[in-house]
Amino acid sequence: MAEYSSMELRIIVAARELRDHESVLVGVGEPNLAANLAKKLQAPNLNMVYESGAIGSNPYRMPLSIGDPCLVTGAKSICSMYEQFAYYLQGGKIDVGFLGGAQIDKFGNINSTVIGAYNSPKVRLPGSGGACDIASNVKKIIIITPHEARRFVEKVDFRTSPGFVDGKAAWRHLKLQGGGPYAVVTDLCTMKFDEETGEMTLVSLHPGVKVEDVQKNTPWKLKVAAKVEQTPAPTEKEIATLRGIDPGKIYLR
Amino acid sequence: MDSVKTMSMKEAVSKYVKDGDLAYLAGFTHMIPFAAGHEIIRQKKRNLVLARATPDIIYDQMIAAGCAKKLIFSYAGNPGVGSLRCFRRATERPKPKEGQPAPTDWKPLEIEEYTHFGLSGRLFAGATNMPFLPMRSNIGSDLPANNPAIKTVKDPFTGDDVSVVPPLRPDVAVVHVQRADRNGNAHIWGITGEQKDAAFAAKKVILSAEEIVDESVIRSDPNRTLIPDFVVHAVVHEPWCAHPSYVQGYYDRDNEFYMQWDEVTKEHETTMKYMDEWVFGVEDRAEYMKKIPREKLDRLKFKPAVCTPVDFGTM
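Those sequence lines, one after another, are chains A and B.
The first sequence finishes on residue 253 if you use the numbering used here, and the numbering steps up by one all the way, no holes.
The second sequence finishes on residue 568 if you use the numbering used here, and the numbering steps up by one all the way, no holes.
#1: Do the segment 286-303 of chain B and the segment 270-278 of chain B touch if we need at least three Cβ pairs shorter than 8 Å?
#2: To the nearest angstrom, how far is it from the Cα of valine 138(A) to the Cα of lysine 544(B)?
#3: Quick check: is the beta carbon of phenylalanine 98(A) nearer than 8 Å to any beta carbon in chain B?
#4: When burial is assigned at 16 or more other CB atoms within 10 Å of the CB, is proline 557(B) buried or exposed?
#5: Within 10 angstroms of its Cβ, does serine 77(A) collect 16 or more other Cβ (buried), or is it exposed?
#6: Would you kindly work out how many angstroms separate the C-alpha atoms of proline 481(B) and glutamate 540(B), rounded to a whole number?
#7: Would arginine 253(A) pass as an interface residue toward chain B - the criterion being a Cβ-Cβ separation below 8 Å?
#8: Cβ of isoleucine 112(A) within 8 Å of Cβ of glycine 97(A)?
#9: Show which residues of chain B have a CB atom less than 7 Å away from the CB atom of threonine 73(A).
#10: Within 8 Å (strictly less), CB to CB, does phenylalanine 410(B) reach chain A?
#11: How about aspartate 233(B) and threonine 405(B): are their beta carbons less than 8 Å apart?
#12: Using a Cβ-Cβ distance cut-off of 8 Å, determine whether threonine 368(B) contacts chain A.
#13: Using a Cβ-Cβ cut-off of 8 Å, state whether threonine 160(A) counts as contacting chain B.
#14: Kindly identify the DSSP beta-bridge partner or partners of threonine 405(B).
#15: If you compare alpha carbons, which of Thr381(B), Trp442(B), Pro492(B) is closest to leucine 421(B)?
#16: Any beta carbon from chain A within less than 8 Å of methionine 254(B)'s own beta carbon?
#17: Taking the runs of the beta strand (DSSP E) that are 3 residues or longer, which of them lie wholly in the segment 80-105 of chain A?
#18: Does any CB atom of chain B fall closer than 8 Å to the CB of tyrosine 118(A)?
#19: Can you check whether the CB of proline 497(B) is closer than 8 Å to the CB of tyrosine 511(B)?
#20: Quick check on this structure: which residue in Asn476(B), Cys494(B), Gly371(B), Val500(B) has the alpha carbon closest to the alpha carbon of asparagine 400(B)?
#21: Does the segment 166-175 of chain A come within contact of the segment 118-134 of chain A, defined as at least 3 CB pairs closer than 8 Å?
#22: What are the start and end residues of the alpha helix (DSSP H) that includes isoleucine 142(A)?
#23: Suppose you measure from the CA of proline 207(A) to the CA of lysine 223(A); what does that come to, to the nearest Å?
#24: Please give the ranges of any beta strand (DSSP E) in the segment 344-369 of chain B, keeping only runs that are unbroken, at least 3 residues long and fully inside the region.
#25: Just the chain A side, please: which residues come within less than 7 Å of isoleucine 444(B) by C-beta, in chain order?
#26: Which residues mark the beginning and the end of the alpha helix (DSSP H) in which isoleucine 459(B) is found?
#27: The beta strand (DSSP E) that contains isoleucine 115(A), what's its start and end?
#28: Just to confirm my understanding: we take methionine 383(B), look at its own chain, exclude 5 residues before and 5 after, and list those with CB closer than 7 Å. What are they?
#29: Shorter than 8 Å from the beta carbon of leucine 176(A) to some beta carbon of chain B?
#30: Within 8 Å of any Cβ in chain A, is that where the Cβ of glutamine 501(B) sits?
#31: When you compare the CB of leucine 188(A) with every CB in chain B, is at least one pair closer than 8 Å?
#32: Take valine 228(A) and list the residues in its own chain whose beta-carbon comes closer than 8 Å to its own, dropping the five residues that flank it on each side.
#33: Any Cβ of chain B within less than 8 Å of the Cβ of methionine 200(A)?
As structure tokens, this is what we get:
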């Protein structure tokens, strides 16, 4: 069986969630790798949009930042920062947004602002950037993250980007135009969200992982689907294609 | 004859940046006016309210140098690398030293925080003189509870709650561009970020350019003129102004420097050592550039990728 790292596994599984002709708002790092991988495999017409205002990028190298010049040369369109958020995101033109964060809770709320109290934080994180805007406006949010007990918390210290808030009933009341969190892809499993309650639910275990392994790294009693699927192992083709996208190993570990 | 607006960066900063000003140094990753930031540090401007969607290394430096009273921002990270350590030192509760009580006199840098849409929307509202800007974001986030400037109003048409942000009107904006004429008509291409919004929203505008070109060059391609001369107060010819940021078509982002900054800023003292050498230790951008090895600058040069010309037609 092919060897792969836990990061490669997360990226490959997340890439499988993208469909051809979708528009995806991409951040740097793992989301960028997942989107580029999907584009080379099942989604050649994937439209990659970056929050820097680059639309339909065709990068000639692995970008270090979302404002890299390689996202501009050969792109379909470039617009201003305000236009990107107003026309594309709020305009409802983006299907999928990738997000990550320091903390994620059981309703898919994400914290990328502070650990501790807002006014005297233990750790000051970068903040929302476009994350809250993306979470509020895309049809599907996909979260890619390592599965660590310190990242998964019952309640986030600060809700930077709303998931299903305190549950789907409260979320519906907010009338956000986006569809909310769709999937959480970790190195152990894929979780989706209960149709009724909006609670994170284990739906697929990655190769060799047991339910207990996931529970051990999730500090609340994790909801498990009636029928848990087995995630197909990454194929040789997926692994080779992914490594070809970041040959200098800028991000891949 | 030179236009009355053309001047050196030193003159422009001295004339148009005052202590206590709300300053917006524009550029989303692209064309960040580092030369202006360094000049502001050298002239020891104080109590500035620094606004930028992405404070980036430029504001990390200005915070470390003591120029800032307050920061208005939406993403305070080192793009593609991680943290801005000077910003973190200024905002995180200090850890008590071993065997000592926690410091009681700690005063964090004042902050005012938005989402990217919120802050770019504030500039748009400032530029277009709107009373406020409604937006489909913020609701459901903890940001409004921690920033009284983000308010909720009733949509008069549907009765739904809608989040609004106030206009932002900087006292001074600094915008770097690829090319401009001597009066400040500016051509910009690549990532345009909040350049135009900042220039139209601000009361005073310092515009710097990689190249100063004849007005006929600007008039040959008017769609590319995002900033017209009559909103510009100072025009500075400043090649390499944006290093270690980049200028599309001129020079690449110095990603190596962005990664090194993480190391340089491990301590306040090491940060100030950098500042002594690269900011206080030089007279201007030209001197700063002389300190960077030629091979490195050659590595940052792009190969050409020229667009197909368009025909405007004439009779």
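Don't be surprised by glycine CBs; every beta carbon is placed ideally from N, CA and C.
Note that the structure is a prediction, hence the values are computed from the model and not measured.
In short, the structure shows the following:
#1: yes
#2: If you number the first sequence from 1, residue 138(A) lands on position 138. If you number the second sequence from 1, residue 544(B) lands on position 291. Approximately 46 Å between the Cα atoms of the pair.
#3: By 1-based counting over the first sequence, the position of residue 98(A) is 98. Output row for phenylalanine 98(A): interface = no.
#4: Looking up residue 557(B) in the second sequence gives position 304. By the neighbour-count rule (16 or more Cβ atoms within 10 Å), proline 557(B) is not buried but exposed.
#5: Residue numbering aside, residue 77(A) sits at position 77 when the first sequence is read from its first letter. Its Cβ having fewer than 16 others within 10 Å, serine 77(A) is exposed.
#6: Mapped onto the second sequence, residue 481(B) falls at position 228. Mapped onto the second sequence, residue 540(B) falls at position 287. Going from the Cα of proline 481(B) to the Cα of glutamate 540(B) covers about 30 Å.
#7: Along the first sequence, read from residue 1 onward, the residue named residue 253(A) stands at position 253. It does not; no Cβ of chain B falls within 8 Å.
#8: What you label residue 112(A) is simply residue 112 of the first sequence in a count that begins at 1. What you label residue 97(A) is simply residue 97 of the first sequence in a count that begins at 1. Correcting the residue identity first, residue 112(A) is serine in this sequence and not isoleucine. No, these two residues do not count as a Cβ contact at 8 Å.
#9: On the first sequence, position 73 is the one that residue 73(A) refers to. Per Cβ cutoff of 7 Å: Ala558.
#10: Position 157 of the second sequence, counting from 1, holds the residue named residue 410(B). False, the Cβ-Cβ gap to chain A never drops below 8 Å.
#11: For chain B, the structure presents residues 254 to 568; residue 233(B) sits outside this window and is missing.
#12: On the second sequence, position 115 is the one that residue 368(B) refers to. Interface residue, yes.
#13: As a working note, residue 160(A) is residue 160 in the first sequence. Answer yes: the Cβ-Cβ gap between threonine 160(A) and chain B drops below 8 Å somewhere.
#14: In the second sequence, residue 405(B) corresponds to position 152, counting from 1. Partner(s): Ser416(B).
#15: The residue labelled residue 421(B) in the question sits at position 168 within the second sequence. Of Thr381(B), Trp442(B), Pro492(B), the residue nearest in Cα terms is Thr381(B).
#16: Start at 1 with the first residue of the second sequence, and residue 254(B) comes out as number 1. With a pLDDT of 47 at methionine 254(B), under the threshold of 50, the predicted position of this residue should be treated as unreliable, though the coordinate-derived value follows. Chain A contact via Cβ: absent.
#17: 96-99
#18: Here residue 118(A) is taken as the residue at index 118 of the first sequence, counted from 1. Interface residue, yes.
#19: The sequence position of residue 511(B) within the second sequence is 258, counting from 1. The sequence position of residue 497(B) within the second sequence is 244, counting from 1. Yes, the Cβ-Cβ distance between tyrosine 511(B) and proline 497(B) is below 8 Å.
#20: Along the second sequence, one-based indexing puts residue 400(B) at 147. Checking every option, the nearest Cα to that of asparagine 400(B) belongs to Gly371(B).
#21: no
#22: Counting from 1 along the first sequence, the entry for residue 142(A) is found at position 142. Where isoleucine 142(A) is concerned, there is no enclosing alpha helix (DSSP H), although the beta strand (DSSP E) it sits in stretches over 140-144.
#23: Numbered from its first residue, the first sequence carries residue 207(A) at position 207. Numbered from its first residue, the first sequence carries residue 223(A) at position 223. Distance between the alpha carbons of proline 207(A) and lysine 223(A) is about 20 Å.
#24: 363-366
#25: For the purposes of this step, residue 444(B) is taken as the residue at position 191 of the second sequence. Those within 7 Å of isoleucine 444(B) in chain A are Ser52, Gly53, Ala54, Gly67, Val72, Ile78.
#26: Here the question's residue 459(B) lines up with position 206 in the second sequence. Segment 457-465 is the beta strand (DSSP E) holding isoleucine 459(B); no alpha helix (DSSP H) there.
#27: In the first sequence, the residue the question calls residue 115(A) occupies position 115. Counting along the chain, the beta strand (DSSP E) containing isoleucine 115(A) begins and ends at 114-116.
#28: Stepping through the second sequence from its first residue, residue 383(B) is reached at position 130. Pro420, listed in sequence order.
#29: Here residue 176(A) refers to the residue found at position 176 when the first sequence is read from its first residue. For leucine 176(A), the answer is yes, since a Cβ of chain B falls inside 8 Å of its Cβ.
#30: One-based indexing of the second sequence puts residue 501(B) at position 248. With 8 Å as the cut-off, glutamine 501(B) counts as an interface residue toward chain A.
#31: Counted from its first residue, the first sequence places residue 188(A) at position 188. With 8 Å as the cut-off, leucine 188(A) does not count as an interface residue toward chain B.
#32: The residue labelled residue 228(A) in the question sits at position 228 within the first sequence. Result list for valine 228(A): Leu202, Val203, Ser204, Leu205, Val211, in chain order.
#33: Within the first sequence, the letter at position 200 stands for residue 200(A). Not one chain B Cβ lies under 8 Å of methionine 200(A).
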